[in-house]
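Residue numbers (my numbering): 35 to 394.
Think of the CB as a built atom: it goes at the ideal place given N, C-alpha and C, for glycine as much as any other residue.
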Amino acid sequence: MPRTTVIDTSAFEAETERLLAEVAEPQAGQRLDRFLSDALPDVSRTRIQTLIRDGHVRLADGPSGGATIEDVKYRVKPGERFEIGLPPAAEPALQAEDIPLDVVFEDDALIVIDKPPGLVVHPGAGQPDGTLVNALLAHCGKSLSGIGGVARPGIVHRLDKDTSGLMVVAKTDQAHRALADQFADHGRTGEMARGYLALVWGAPSRPHGTIEAPIGRHPASRTKMAVVPEDKGRHAATHWRLVETYGGHASLKDRAGMSGRAPVASLVECMLETGRTHQVRVHMAHAGHPLVGDPLYGTGFKTKLRTLPEPLQEAIVSLDRQALHAAHLAFVHPVSGTLLEFNSPLPDDLGEIVRQFKQL
Numbered sequence: 035m036p037r038t039t040v041i042d043t044s045a046f047e048a049e050t051e052r053l054l055a056e057v058a059e060p061q062a063g064q065r066l067d068r069f070l071s072d073a074l075p076d077v078s079r080t081r082i083q084t085l086i087r088d089g090h091v092r093l094a095d096g097p098s099g100g101a102t103i104e105d106v107k108y109r110v111k112p113g114e115r116f117e118i119g120l121p122p123a124a125e126p127a128l129q130a131e132d133i134p135l136d137v138v139f140e141d142d143a144l145i146v147i148d149k150p151p152g153l154v155v156h157p158g159a160g161q162p163d164g165t166l167v168n169a170l171l172a173h174c175g176k177s178l179s180g181i182g183g184v185a186r187p188g189i190v191h192r193l194d195k196d197t198s199g200l201m202v203v204a205k206t207d208q209a210h211r212a213l214a215d216q217f218a219d220h221g222r223t224g225e226m227a228r229g230y231l232a233l234v235w236g237a238p239s240r241p242h243g244t245i246e247a248p249i250g251r252h253p254a255s256r257t258k259m260a261v262v263p264e265d266k267g268r269h270a271a272t273h274w275r276l277v278e279t280y281g282g283h284a285s286l287k288d289r290a291g292m293s294g295r296a297p298v299a300s301l302v303e304c305m306l307e308t309g310r311t312h313q314v315r316v317h318m319a320h321a322g323h324p325l326v327g328d329p330l331y332g333t334g335f336k337t338k339l340r341t342l343p344e345p346l347q348e349a350i351v352s353l354d355r356q357a358l359h360a361a362h363l364a365f366v367h368p369v370s371g372t373l374l375e376f377n378s379p380l381p382d383d384l385g386e387i388v389r390q391f392k393q394l
């Protein structure tokens, strides 16, 4: 990852902070917005593109030192250093909305919530309100970190609309940066961890393993992600563990025999080493075990759905989302340095489906 440093705040008028990002050899040739997106993991790529176009990014030294770069497609060169000015957080144009939140933990630096399925994390095209951000504005007032931009105050990481489970949101810029560093590291050198419970079709043939495959945009559908060649995507790694199987043989040992049938479905715990869009969904589908109910990556299993008992079929159809739950979250508190760990049980909709699968 590119190295970033907080430096003097006096150069850009009306800006409270400047950051310095230096291009290393592996980043040579990347687009400027992509490079800065890696350098500033706590700032959305959309906001980075806006900062570039609005003249808040310039070369720090060299032959073109001081030159403002306004082209998001500018190809960076080894040794170039970019100064990025972060303007003060604008007053949110969003409206606070009284949307109930399941608050798991809260203090002056952060808040941990258990997000229900169906709740969009932040406003976007076609979803200007009714989001987690609107709910947070009502709950926290103006105490949210502004580093994520107007539309994403406090948002350090996100969950898909239809994925339920644990999320942490920053209330201060200090907490935002510290948490973003941990999430960017994905526990490789620290104690931060994110664990998901995924209900998938079929069952892996081993008790645990790792799926390591690059993820990028699907070549034929802009709404989907896919496992792609290395030069077309970004490195992605998912560690998984088989929790239990449903239907067929009850254990891995039994399944090694020659008789009987394979499990219909299984519950898998997934731990992320990277944080790509739709990562668990894409990787499990790539492994031949798409998530139950997944409308994008599990459509090929509609035939299997029709073989299930009618009440279970109805429960899955009524689910109307992928069976994915962010069940575990651990991180070091950005102020106290204490390791915080949270666990969330399966929500009622997934719990009911698991209960019926167990009866097969």
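In this model, residue 391 and residue 340 are separated by some 14 Å (Cα to Cα). In the structure shown, residue 259 falls within a strand segment according to DSSP collapsed to helix, strand and coil. Shortest Cα-Cα distance from residue 201 to any of 223, 183, 230, 222 involves 230.
The beta carbon of residue 226 sits closer than 8 Å to those of 216, 217, 219, 220, 364, 365, 366, all from its chain and outside the five residues before and after it, given in chain order. Non-local C-beta neighbours of residue 322 in its own chain, meaning closer than 7 Å and more than five positions away in sequence, comprise 236, ordered along the chain.
Residue 168 sits buried, since 16 or more C-beta atoms from the chains shown fall within 10 Å of its C-beta. Cβ neighbours of residue 156 within its own chain (closer than 6 Å, five residues either side excluded): 165, 167, 185, 186, 189.
If you draw a straight line from the Cα of residue 295 to the Cα of residue 198, it comes to about 32 Å. Relative to residue 277, the option among 333, 239, 267, 254 whose CA is nearest is 239. In the displayed model, residue 378 falls within coil according to three-state DSSP, outside both helix and strand.
With the rule of 3 Cβ pairs closer than 8 Å, the stretch 367–374 counts as touching the stretch 138–155.
Taking residue 64 as the centre and dropping the five residues before and after it, the same chain places the C-beta of 110 closer than 6 Å to its C-beta, in chain order. Per DSSP, reduced to three states, the secondary structure at residue 355 is coil, with no helix or strand assignment. If you check the CB distance, residue 384 and residue 233 come in under 8 Å.
Residue pairing for residue 226: DSSP places it in no beta bridge.
Residue 262 and residue 247 have their C-alpha atoms some 8 Å from each other. By the Cβ rule, the stretch 202–212 does not count as touching the stretch 355–362, because fewer than three pairs are nearer than 8 Å. In this structure, the alpha-carbon of residue 178 lies about 8 Å from that of residue 171. In the structure shown, residue 299 adopts extended strand secondary structure according to DSSP, grouped into three states. The Cβ atoms of residue 252 and residue 259 sit closer than 8 Å to each other. Between residue 57 and residue 104 a beta carbon distance of about 18 Å is seen, past the 8 Å cut, so the two are scored as non-contacting. Within the stretch 87–139, the beta strand (DSSP E) runs of at least 3 residues that lie entirely inside it are, in chain order, 91–93, 115–120. In this structure, 371 is the residue among 371, 256, 151 with its C-alpha nearest to the C-alpha of residue 209.
By DSSP's assignment, residue 244 forms a beta bridge with 273. Distance from the CA of residue 66 to the CA of residue 108, rounded to the nearest whole angstrom, comes to 5 Å. If you draw a 10 Å sphere on the C-beta of residue 176, you find fewer than 16 other C-beta atoms in it, and that means exposed. In the three-state reduction of the DSSP assignment, residue 149 falls in the strand class, which pools E and B.
As DSSP reads the structure, residue 362 sits in a beta bridge with 229, 377.
Rounded to the nearest angstrom, the Cβ distance from residue 228 to residue 362 is 7 Å, consistent with a contact under 8 Å.
The shortest C-alpha to C-alpha distance from residue 344 to any of 242, 315, 387, 319 is the one to 387.
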